[in-house]
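Take a look at the structure set out below.
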Amino acid sequence: MSQSVPIHDAGIDATLQGSLAGLSLTDHETGNTGKKFTPLNPFEDLTGTSKWNNPVRKDGCGINPFELFLPQSVASERDSVQSVANLVRDVIPEHLSGLREPRRFTLHETDELYIQGQSFKRKWEISEASFLNWKRLLSGLIDFPVLLLLNPSNWDYLPFEEMVDNSTTLCWLEGTFAGEGLGLDDVIICDSFPMITDDLLMHVNEHMEPAKLEELRRESFALTKASLALIKPRILLSCQCCTKPENEKWGAFKDTLAQRLCSSVVSFREGRVQVVDIDGHRMQVVRGVHPQYVVQYDFALEERLAGLFARVFGPFGTWYSRRVATQQALRDAITVTQGLVASLRLQIRLHANLRQQAAEDGLEEPVAAELGVELKALLEECKGNHLIDVSFGGIKESVL
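Quick note: the sequence shown, position 162, residue 162 per UniProt numbering, numbers continuous.
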């Protein structure tokens with residue numbers, strides 16, 4: 001949940017600014033927490049954050065006098081701004097056309113990321129439940145879009161199901177995904193700062209030196225960076241607006257990747273998509289807003305956010321639901337066919353016994369040539385469809 005949104009974002013009034021600034025990033029009982037004073041930034045006019053001077057361009061990109069000194073990859077990413085419409089029309093259909101088998105990502109104890117997460121948990125005395133919940137949220141279909149949030153739940157010390165029930169964000173996601181034919185376990189959910197809650201931040205801030213707070217944030221975000229480098233999502237929906245330098249709570253360590261993964265209300269409204277590079281892998285980053293923000297403060301945006309989820313995740317849900325339905329129908333058909341084959345085998349044996357009894361009683365057997373032809377044709381059809389093989393001794397099950 002974003003704690004603050006730049007006050008220069010077009011279309012956001014003073015009330016909205018105040019709500020965003022005071023909004024808790026976790027699932028505490030809602031209510032404003034009080035806005036901290038932000039010192040004057042002498043470079044505001046260059047970064048486009050001034051609220052007093054000339055109107056900011058709608059694309060949010062002011063002149064940067066240092067752009068010539070930026071790495072080429074950064075400049076190319078600035079030039080790679082697209083739209084959700086382009087993503088839905090071109091990128092997603094192309095991606096789905098190449099999918100064959102849904103692959104699931106799950107961390108195992110031998111994975112380097114698992115070991116890194118355990119080390120982080122022990123160092124900062126984080127509960128095992130919190131680690132397991134992070135691991136489970138990080139599990140999902142690896143070829144589907146990945147969701148990036150901030151502290152989806154402040155109840156991560158509870159078992160997973162209880163955590164979900166107590167979390168406004170996760171409950172909203174569960175219902176929204178269900179509408180698209182998906183579940184929480186189908187979508188990989190990354191936390192920008194895994195296993196960090198407001199309580200942990202407060203404890204470190206009050207009982208340790210200031211450098212420890214930055215160390216905590218840096219090491220936590222390193223888990224997210226390692227997760228994205230490992231998963232390599234083609235599409236990432238960023239629904240957090242906090243990892244920017246001016247955010248006093250989360251942006252203080254000023255990580256370049258964190259800034260590029262940061263969204264805003266204005267970029268969400270404009271349907272902005274930008275290519276972001278991580279260790280040589282290029283992701284299409286879609287800009288959204290945190291679900292808890294729209295639930296708490298802006299019901300008008302909730303429908304719009306749900307629409308964005310439908311556009312990004314809907315095609316994947318349709319693909320997956322159709323596949324699941326086909327697999328279930330195939331299993332049902334196999335069950336029915338197995339029953340028919342068993343019944344046919346029983347009937348053939350009964351027929352053979354009756355023929356033998358008729359011969360012993362001196363009865364003449366009725367000739368049923370048409371039945372024999374139909375039976376032979378049926379067996380050949382089954383053989384052609386790879387359902388059964390016809391052998392000399394009778395019917396030999398193949399697929400069935």
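Backbone N, C-alpha and C define an ideal beta-carbon position, used for all residues, glycine too.
Can you give me the C-alpha to C-alpha distance between GLY183 and THR326, rounded to a whole angstrom? Taking the sequence shown and counting its residues from 1, one reaches residue 183 at position 183. Taking the sequence shown and counting its residues from 1, one reaches residue 326 at position 326. Going by the C-alpha atoms only, they are around 18 Å apart.
Measuring CA to CA, which of CYS239, VAL273 and ASP255 is closest to GLU302? Along the sequence shown, one-based indexing puts residue 302 at 302. Distances from the CA of GLU302 to each of CYS239, VAL273 and ASP255 were compared; the closest alpha carbon is that of CYS239.
Whether or not the region 159-169 and the region 254-266 are in contact is what I'm after, with contact meaning three or more pairs of Cβ atoms, one per stretch, closer than 8 Å; do they touch? No: fewer than three Cβ pairs fall under 8 Å.
Three CB pairs or more closer than 8 Å across the region 184-192 and the region 130-148: As far as the Cβ criterion goes, the region 184-192 touches the region 130-148, which means the pair count is three or higher.
Is LEU354 buried or exposed, if buried means 16 or more other CB atoms sit within 10 Å of its CB? Within the sequence shown, the letter at position 354 stands for residue 354. Classification of LEU354: exposed, given that the 10 Å Cβ count is below 16.
Taking GLU174 and GLY317 to be in contact with their CB atoms under 8 Å, please state how far apart those CB atoms are, rounded to whole angstroms. Working through the sequence shown from its first residue, we reach residue 174 at position 174. Working through the sequence shown from its first residue, we reach residue 317 at position 317. Rounded, the Cβ-Cβ distance is 13 Å, inconsistent with contact.
Can you give me the start and stop residues for the beta strand (DSSP E) that MET283 sits inside? Reading the sequence shown from its first residue, position 283 is the one you call residue 283. Start and end: 281-287.
Residue range of the alpha helix (DSSP H) that includes GLN274: Position 274 of the sequence shown, counting from 1, holds the residue named residue 274. Per DSSP, GLN274 lies in no alpha helix (DSSP H) segment; the continuous beta strand (DSSP E) that holds it begins and ends at 272-278.
Backbone secondary structure at PHE144 - three-state DSSP: Walking along the sequence shown from the start, residue 144 turns up at place 144. When secondary structure is reduced to three states using DSSP, PHE144 falls in the coil class, being assigned neither helix nor strand.
So, for GLU365: in the same chain, excluding its five sequence neighbours on each side, which residues have a beta-carbon less than 7 Å away from its beta-carbon? Taking the sequence shown and counting its residues from 1, the one referred to as residue 365 is at position 365. Around GLU365: ARG355 and ALA358.
Going by Cα to Cα distance, which pick from SER139, ARG269, ASN133 and ASP186 is closest to TRP155? Position 155 of the sequence shown, counted from the first residue, corresponds to residue 155. Just measuring C-alpha positions, the residue of SER139, ARG269, ASN133 and ASP186 sitting nearest TRP155 is ASN133.
Rounded to a whole number of angstroms, what is the C-alpha to C-alpha distance between SER153 and SER83? Indexing the sequence shown from 1 puts residue 153 at position 153. Indexing the sequence shown from 1 puts residue 83 at position 83. CA-CA distance, SER153 to SER83, rounds to 30 Å.
Could you spell out the range, first to last residue, of the alpha helix (DSSP H) harbouring ILE231? Stepping through the sequence shown from its first residue, residue 231 is reached at position 231. Counting along the chain, the unbroken alpha helix (DSSP H) around ILE231 starts and ends at 210-231.
Determine the DSSP secondary structure at PHE193, reduced to helix, strand or coil. Residue 193 sits at position 193 when you count from the first residue of the sequence shown. Reduced to three states, the DSSP call for PHE193 is coil.
Check for me: the beta strand (DSSP E) holding ARG235 runs from which residue to which? Taking the sequence shown and counting its residues from 1, one reaches residue 235 at position 235. The displayed chain sequence assigns Ile, not Arg, to residue 235. If you look at ILE235, you'll find it in the beta strand (DSSP E) that goes 235-238.
Rounded separation between GLU380 and ASP186 - CA only: In the sequence shown, residue 380 corresponds to position 380, counting from 1. In the sequence shown, residue 186 corresponds to position 186, counting from 1. Going from the Cα of GLU380 to the Cα of ASP186 covers about 41 Å.
Range of the contiguous alpha helix (DSSP H) that encloses THR169: The residue you call residue 169 lines up with position 169 of the sequence shown. 168-179 is the span of the alpha helix (DSSP H), which, as asked, contains THR169.
Leaving out five residues before and five after VAL204 in sequence, what residues of the same chain have Cβ atoms less than 6 Å from its Cβ? Here residue 204 refers to the residue found at position 204 of the sequence shown. For VAL204, same chain residues with a beta-carbon under 6 Å away, outside a window of 5 residues either side, are LYS212, LEU213 and LEU216 in chain order.
Look up SER83 in the DSSP assignment and say whether it is helix, strand or coil. As a working mapping, residue 83 is identified with position 83 in the sequence shown. In the structure shown, SER83 falls within a strand segment according to DSSP collapsed to helix, strand and coil.
Rounding to the nearest angstrom, what Cα-Cα distance links PRO159 and CYS171 in this structure? Here residue 159 refers to the residue found at position 159 of the sequence shown. Here residue 171 refers to the residue found at position 171 of the sequence shown. One C-alpha to the other measures close to 15 Å.
My output table needs one value for ARG103: the three-state DSSP class, helix, strand or coil. Numbered from its first residue, the sequence shown carries residue 103 at position 103. In the structure shown, the three-state DSSP call for ARG103 is coil.
Close-in-space but distant-in-sequence residues of the same chain around ARG260 (CB under 8 Å, 5 per side omitted): Here residue 260 refers to the residue found at position 260 when the sequence shown is read from its first residue. Residues of the same chain with a CB within less than 8 Å of the CB of ARG260, apart from the 5 flanking positions on each side, are GLU77, GLN274, VAL276 and VAL285 in chain order.
Measure the Cβ-Cβ separation of MET195 and PHE105 and say whether it is below 8 Å. Here residue 195 corresponds to residue number 195 of the sequence shown, with the count starting at 1. Here residue 105 corresponds to residue number 105 of the sequence shown, with the count starting at 1. In this structure, MET195 lies away from PHE105, with their beta-carbon atoms at least 8 Å apart.
In angstroms, rounded to a whole number, what distance separates the CA positions of TRP124 and ASP279? Within the sequence shown, numbered from 1, the residue matching residue 124 stands at position 124. Within the sequence shown, numbered from 1, the residue matching residue 279 stands at position 279. When rounded, the distance between both Cα atoms is 27 Å.
Roughly how many whole angstroms lie between the Cα atoms of GLY384 and LEU378? The residue given as residue 384 occupies position 384 in the sequence shown. The residue given as residue 378 occupies position 378 in the sequence shown. Taking the straight line joining both Cα atoms gives about 10 Å.
In DSSP terms, what LEU201 is bridged to: Looking up residue 201 in the sequence shown gives position 201. Partner residues in a beta bridge of LEU201, as assigned by DSSP, do not exist.
Bounding residues of the alpha helix (DSSP H) (the contiguous stretch that carries GLY117): Within the sequence shown, numbered from 1, the residue matching residue 117 stands at position 117. Here the alpha helix (DSSP H) through GLY117 covers 112-123.
Could you pull the DSSP bridge partners for LEU149 from this structure? As a working note, residue 149 is residue 149 in the sequence shown. DSSP lists ASP191 as partners of LEU149.
Assign PHE144 to one of two classes, buried (16 or more other C-beta atoms within 10 Å of its C-beta) or exposed (fewer than that). Within the sequence shown, residue 144 is the residue found at index 144, counting from 1. Buried.
Between GLY339, GLY271 and GLN328, which has its C-alpha nearest ALA85's C-alpha? Along the sequence shown, read from residue 1 onward, the residue named residue 85 stands at position 85. Closest option to ALA85, judged by alpha-carbon separation, among GLY339, GLY271 and GLN328: GLY271.
Just checking my contact of HIS95 with ARG234 at CB under 8 Å: how many whole Å lie between their CB atoms? As a position in the sequence shown, residue 95 is number 95, starting the count at 1. As a position in the sequence shown, residue 234 is number 234, starting the count at 1. Contact flag correct, Cβ pair sits at about 6 Å.
Using only the alpha-carbon positions, how far apart do VAL294 and TYR157 sit? Taking the first residue of the sequence shown as 1, we reach residue 294 at position 294. Taking the first residue of the sequence shown as 1, we reach residue 157 at position 157. One Cα belongs to VAL294, the other to TYR157, and the distance between them is close to 25 Å.
For ILE111, which option in ASP199, ALA226, PHE177 and MET283 has the closest C-alpha, if you only look at C-alpha atoms? Taking the first residue of the sequence shown as 1, we reach residue 111 at position 111. According to the sequence shown, residue 111 is Asp rather than Ile. Of all alpha-carbon atoms in ASP199, ALA226, PHE177 and MET283, the one lying nearest the alpha-carbon of ASP111 is that of ALA226.
Tell me which residues share the same chain as VAL312 and place their Cβ nearer than 8 Å to its Cβ, disregarding the 5 neighbours each side in the sequence. Counting from 1 along the sequence shown, the entry for residue 312 is found at position 312. VAL84, LEU87, VAL88, ILE92, PRO145, ILE235, LEU237 and VAL286.
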